[in-house]
Ligand SMILES: Cc1ncc(C[n+]2csc(CCOP(=O)(O)OP(=O)(O)O)c2C)c(N)n1
Ligand SMILES: [Mg+2]
């Protein structure tokens with residue numbers, strides 16, 4: 021495979037464009053996606069290539085255009101709905117959770133919903149309480165949807181292609197903070213399957229499990245802890261539904277300790293679910309209970325110092341690993 | 026219930042556009058009289074203050090004293106100043122994220138507004154809200170709100186509350202009116218239609234003030250909205266009367282709003298006002314404005330609200346150019362002092378992270394503390 025370094029945002033654009041070239045049923049809609057080239061320039065050039073019937077600017081009507089896309093998906097079209105931010109998806113909570121996720125079940129298997137909802141998730145940096153949502157824990161509770169969180173450019177492209185080809189509704193959570201990061205993305209066609217976690221760093225002393233942007237802090241923490249003689253194994257879960265618990269369990273059986281890093285709030289969260297499963301499947305292997313790092317249990321503050329303290333960060337992860345491994 | 030006269034663009038006359046008189050079957054609203062010079066001077070000062078404040082806001086953003094999303098109000102000052110002048114200080118006000126101008130027009134001290142954006146303890150929300158969320162309880166300002174359209178049901182709810190308080194708790198007559206602002210982009214949110222229907226249904230005294238600056242981010246209004254030139258049809262569908270006002274003329278704004286607000290108060294009914302205006306700057310701090318021409322911007326800026334009031338005051342009220350200069354200088358000093366004050370205000374202390382989550386003391390949470398602006402410890 022030839023070496024090619026591109027931005028995460030361009031990887032997303034390539035995935036959408038390639039799938040749209042291959043399948044005329046695929047189209048993109050959302051606020052500012054066409055003429056403005058995307059609020060975050062992810063759909064840059066797509067209006068020029070595909071025209072206004074397939075790259076569609078919507079008004080600020082999340083509930084309406086999500087529902088509209090779901091209706092279209094019921095007839096077998098394959099919409100990609102861009103939320104400028106997942107924070108704004110809350111306005112569309114009813115269609116995306118009630119209609120998209122449950123359509124197949126409610127119709128006894130008659131009507132599916134091959135749709136992708138995608139956009140920025142998580143704190144973008146001083147965006148305040150309403151614009152900093154981490155929706156993963158909120159939405160992961162709902163059966164019938166898939167949820168993917170790509171960490172690097174390679175996964176962004178490969179996982180988005182998988183999402184678009186999936187016949188189920190996929191909630192695809194990107195991060196504004198990752199859009200400009202670069203990584204190797206081959207020219208050749210590839211996809212990244214759902215339900216396969218990735219071991220991003222090998223180690224023997226502690227398993228750190230995370231998704232998306234916090235993986236950056238996990239890696240920083242692992243570097244720092246290595247200097248103290250603690251070898252961390254980092255697992256990027258990649259998809260939350262389906263969850264590759266097997267890879268996580270295998271790692272914890274080796275390291276006997278586990279820290280879960282989840283940027284959403286701790287109560288009834290992805291982190292608590294994973295911890296619960298690890299406790300169950302690794303009951304006899306664990307040297308300590310599973311430690312967790314989350315955002316603090318308060319709304320996201322605006323002030324920079326408070327926001328820094330609130331979010332999962334390298335320091336908190338290091339502390340959790342030290343505590344889990346009895347090194348504190 | 027008051028019915029609504031159906032107007033079409035064809036029978037909308039010159040006068041109706043400019044004078045903003047609203048024809049209703051049962052009531053013909055006259056513009057309220059021109060206020061005296063002193064009041065006009067006060068408005069000029071407020072508009073100059075908002076503009077200077079926003080210029081310094083942009084500078085501070087560039088200097089990284091402000092973070093996150095930040096939206097300035099330059100060009101639209103007459104809307105907030107003229108409409109807020111027309112209601113009572115205890116009438117509720119609620120709006121979206123482009124909220125610094127309304128906060129200042131409502132009487133918030135600029136230093137608390139600036140400190141909020143700097144994320145400091147001296148901010149109106151102790152630095153926890155940020156640029157999009159100006160809240161000021163003493164001035165009955167129920168916040169800037171970040172989710173487009175979210176404030177519109179709140180506006181309906183504030184009007185519900187004042188009516189309930191006046192009628193049920195006080196056993197009197199409904200006597201307040203709520204100002205609820207929204208952008209031209211927000212009229213496409215379903216919440217707004219529900220808010221209007223409820224206001225119409227329950228006879229709630231709320232004025233929905235549509236600040237039509239013709240763009241929501243990069244989307245020109247006609248690209249996002251049906252009937253973009255006849256937005257009043259949206260309120261008519263809910264039995265709500267409407268008016269169109271020149272939002273770049275503070276006098277006209279005031280005169281129209283005064284009679285509309287009085288009518289809403291008297292009748293306990295909602296109203297929909299389209300204030301036609303223009304935002305001079307980008308949507309937020311990172312917007313190259315490729316979706317519109319520089320010619321259009323220049324044309325719009327020629328009808329500047331501040332210039333127009335200055336001219337009126339000079340031509341008809343004996344204000345001199347020197348007088349204007351002096352006022353500008355005073356305003357510049359006031360804003361400079363606000364910036365300095367905000368810079369000196371300490372970073373919000375860490376324990377604030379856990380405060381204000383619940384009203385009661387509970388476990389980790391340590392209750393609430395008043396913002397400085399409500400403690401009388403401003404210096
Ligand atoms: C529900 C929701 N969707 C999208 C956004 C992103 N957004 C913020 S402001 C804005 C444009 C709103 O324009 P308008 O209502 O005309 O107000 P203006 O900015 O002109 O004051 C958009 C799309 C948001 N904040 N909330
Ligand atoms: Mg607008």
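Chains as they are written, first to last, in the numbering used here: chain E, 21 to 348; chain V, 26 to 404. Glycine is no exception: its CB is placed at the ideal position from the N, C-alpha and C atoms. Remember, predicted model here, so these are calculated numbers, not experimental data.
Buried versus exposed call for residue 167 of chain E [16 or more other C-beta atoms within 10 Å across all chains shown]: With 16 or more other Cβ atoms inside 10 Å of its own Cβ, residue 167 of chain E counts as buried.
Cβ-Cβ distance between residue 217 of chain V and residue 266 of chain V below 8 angstroms: For the pair residue 217 of chain V and residue 266 of chain V, the CB atoms are not nearer than the 8 angstroms cut-off.
Delimiting residues of the beta strand (DSSP E) encompassing residue 227 of chain E: It spans 226 to 230 - the beta strand (DSSP E) in which residue 227 of chain E sits, taken as one unbroken run.
According to DSSP, residues forming a beta bridge with residue 285 of chain E: DSSP output for residue 285 of chain E lists E:315 as bridge partner(s).
Around ligand 3, Cβ to any heavy atom closer than 6 angstroms, ordered along the chain: This structure lacks ligand 3; its bound ligands are ligand 1 and ligand 2.
Cutoff 8 angstroms: residue 318 of chain E Cβ touching any chain V Cβ: Interface residue, yes.
Proximity winner among E:220, E:173, E:184 and E:87, relative to residue 47 of chain E (alpha-carbon distances): Nearest option by C-alpha distance: E:184.
Chain E within 8 angstroms of residue 211 of chain V, Cβ atoms only: Under the 8 angstroms criterion on CB atoms, residue 211 of chain V is classed as interfacial with respect to chain E.
Contact list for the stretch 102 to 136 of chain E against chain V, Cβ threshold 8 angstroms: If the cut-off is 8 angstroms between Cβ atoms, the stretch 102 to 136 of chain E has 107, 108, 110 and 111 near chain V.
Members of the stretch 159 to 179 of chain V near chain E, C-beta cut-off 9 angstroms: Look at the stretch 159 to 179 of chain V: the residues with a C-beta under 9 angstroms from a C-beta of chain E are 170, 171, 172, 173, 174 and 175.
Residues from the stretch 121 to 150 of chain V in contact with chain E, defined by Cβ distance under 7 angstroms: For the stretch 121 to 150 of chain V, the set of positions with a beta-carbon nearer than 7 angstroms to some beta-carbon of chain E reads 144 in chain order.
Any non-hydrogen atom of ligand 1 within 7 angstroms of residue 99 of chain V CB: Taking the Cβ of residue 99 of chain V as the reference point, every heavy atom of ligand 1 lies at 7 angstroms or farther away.
Residue interval of the alpha helix (DSSP H) (run including residue 64 of chain V): Per DSSP, residue 64 of chain V belongs to the alpha helix (DSSP H) from 62 to 87.
For residue 210 of chain E and residue 178 of chain E, believed in contact at Cβ under 8 angstroms, the rounded distance: That pair is a contact at about 6 angstroms.
Opposing strand residues paired with residue 265 of chain E [DSSP bridges]: DSSP lists no bridge partner for residue 265 of chain E.
Contact belief for residue 157 of chain V with residue 122 of chain V at Cβ below 8 angstroms, rounded distance in angstroms: Correct: roughly 4 angstroms between the Cβ atoms.
Cα-Cα separation between residue 290 of chain E and residue 397 of chain V, rounded to whole angstroms: The alpha-carbon atoms of residue 290 of chain E and residue 397 of chain V are separated by roughly 38 angstroms.
Buried or exposed by the 16-neighbour rule on C-beta atoms within 10 Å, applied to residue 371 of chain V: So residue 371 of chain V ends up on the exposed side.
Distance, residue 252 of chain E Cα to residue 170 of chain V Cα: The alpha-carbon of residue 170 of chain V is positioned some 43 angstroms away from that of residue 252 of chain E.
Between the CA atoms of residue 342 of chain E and residue 174 of chain V - distance to the nearest angstrom: Roughly 46 angstroms between the two C-alpha positions.
Straight-line Cα distance separating residue 324 of chain E from residue 381 of chain V: Rounded to whole angstroms, residue 381 of chain V to residue 324 of chain E spans 18 angstroms at the Cα level.
Best match in E:157, E:144 and E:327 for proximity to residue 355 of chain E [C-alpha to C-alpha]: Coverage of chain E is limited to positions 21 through 348, which leaves residue 355 of chain E absent and any answer about it impossible.
Residues in the stretch 231 to 263 of chain V having any Cβ partner in chain E nearer than 7 angstroms: Taking 7 angstroms as the Cβ-Cβ cut-off against chain E, the residues of the stretch 231 to 263 of chain V that qualify are 241, 242, 243, 244, 248, 249 and 250.
8 angstroms Cβ cutoff, residue 157 of chain E in contact with chain V: For residue 157 of chain E, the answer is no, since every Cβ of chain V falls outside 8 angstroms of its Cβ.
Contact list for residue 373 of chain V against chain E, beta-carbon separation under 8 angstroms: Simply 321, 323, 325 and 326.
C-alpha distance - residue 306 of chain V paired with residue 124 of chain E, whole-angstrom precision: Approximately 47 angstroms between the Cα atoms of the pair.
Beta bridge counterpart(s) of residue 105 of chain E as assigned by DSSP: E:140.
Check: residue 310 of chain V C-beta below 7 angstroms from any heavy atom of ligand 1: No.
Helix, strand or coil at residue 167 of chain E [DSSP, three-state]: Residue 167 of chain E: strand per DSSP, three-state reduction.
For residue 229 of chain E and residue 160 of chain E, believed in contact at Cβ under 8 angstroms, the rounded distance: Taking a contact as a CB-CB distance under 8 angstroms, the pair residue 160 of chain E and residue 229 of chain E does not count as one, their CB atoms being some 14 angstroms apart.
Extent of the continuous alpha helix (DSSP H) run through residue 406 of chain V: No answer is possible for residue 406 of chain V: it lies beyond the span of chain V, which begins at 26 and ends at 404.
Distance between residue 177 of chain V and residue 189 of chain V (C-alpha atoms, nearest Å): When rounded, the distance between both Cα atoms is 18 angstroms.
Contacts of residue 384 of chain V in chain E (Cβ-Cβ under 8 angstroms): Think of a sphere of 8 angstroms around the beta carbon of residue 384 of chain V: no beta carbon from chain E falls inside it, the nearest being about 14 angstroms out.
Residue 80 of chain E versus residue 98 of chain V: straight-line alpha-carbon distance, rounded: It is roughly 20 angstroms from the alpha-carbon of residue 80 of chain E to the alpha-carbon of residue 98 of chain V.
Contact set between residue 291 of chain E and chain V, taken where Cβ atoms lie within less than 7 angstroms: Chain-order list of chain V residues neighbouring residue 291 of chain E: empty, with the shortest C-beta distance near 18 angstroms, by a criterion of under 7 angstroms.
Chain E contact residues for residue 214 of chain V, given Cβ-Cβ distances below 9 angstroms: Within 9 angstroms Cβ-Cβ: 79, 80, 81, 82, 83, 84 and 111.
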